[in-house]
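Colleague: Numbering (the working numbering), first residue to last: 1 to 54. Quick reminder that beta carbons are idealized off the backbone N, C-alpha and C, glycines included.
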């Protein structure tokens, strides 16, 4: 999942904060320059959700 997610993230030129510890992955979607969540974050969340379903 992380490899596929990284490829999608790179395509979007979006850089979420994420950490992977043992069997837990945390992805923080926010756009620091905008001071919060933007449409890019929402779009990326949808893409990541679709990757999880496959």
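Considering Cα atoms alone, identify which of 20, 45, 49 is closest to residue 31.
Modeller: Position 31 of the chain shown, counted from the start, is the residue given in the question as residue 31. Taking only the C-alpha atoms, the option nearest residue 31 is 45.
Colleague: Does residue 29 come out as helix, strand or coil in the three-state DSSP assignment?
Modeller: The residue given as residue 29 occupies position 29 in the chain shown. Note: residue 29 maps to coil in three-state DSSP.
Colleague: Work out the CA separation of residue 9 and residue 15 for me, nearest whole Å.
Modeller: One-based indexing of the chain shown puts residue 15 at position 15. One-based indexing of the chain shown puts residue 9 at position 9. When rounded, the distance between both Cα atoms is 7 Å.
Colleague: Confirm the yes/no value for this check: CB of residue 15, any heavy atom of the ligand MN, distance under 6 Å.
Modeller: For the ligand MN, the structure offers nothing, since it holds no ligand at all.
Colleague: Please go through the same chain and pick out, in chain order, the residues whose beta-carbon is closer than 6 Å to the beta-carbon of residue 39, but skip the five residues on each side of it.
Modeller: For the purposes of this step, residue 39 is taken as the residue at position 39 of the chain shown. No residues qualify anywhere along the chain.
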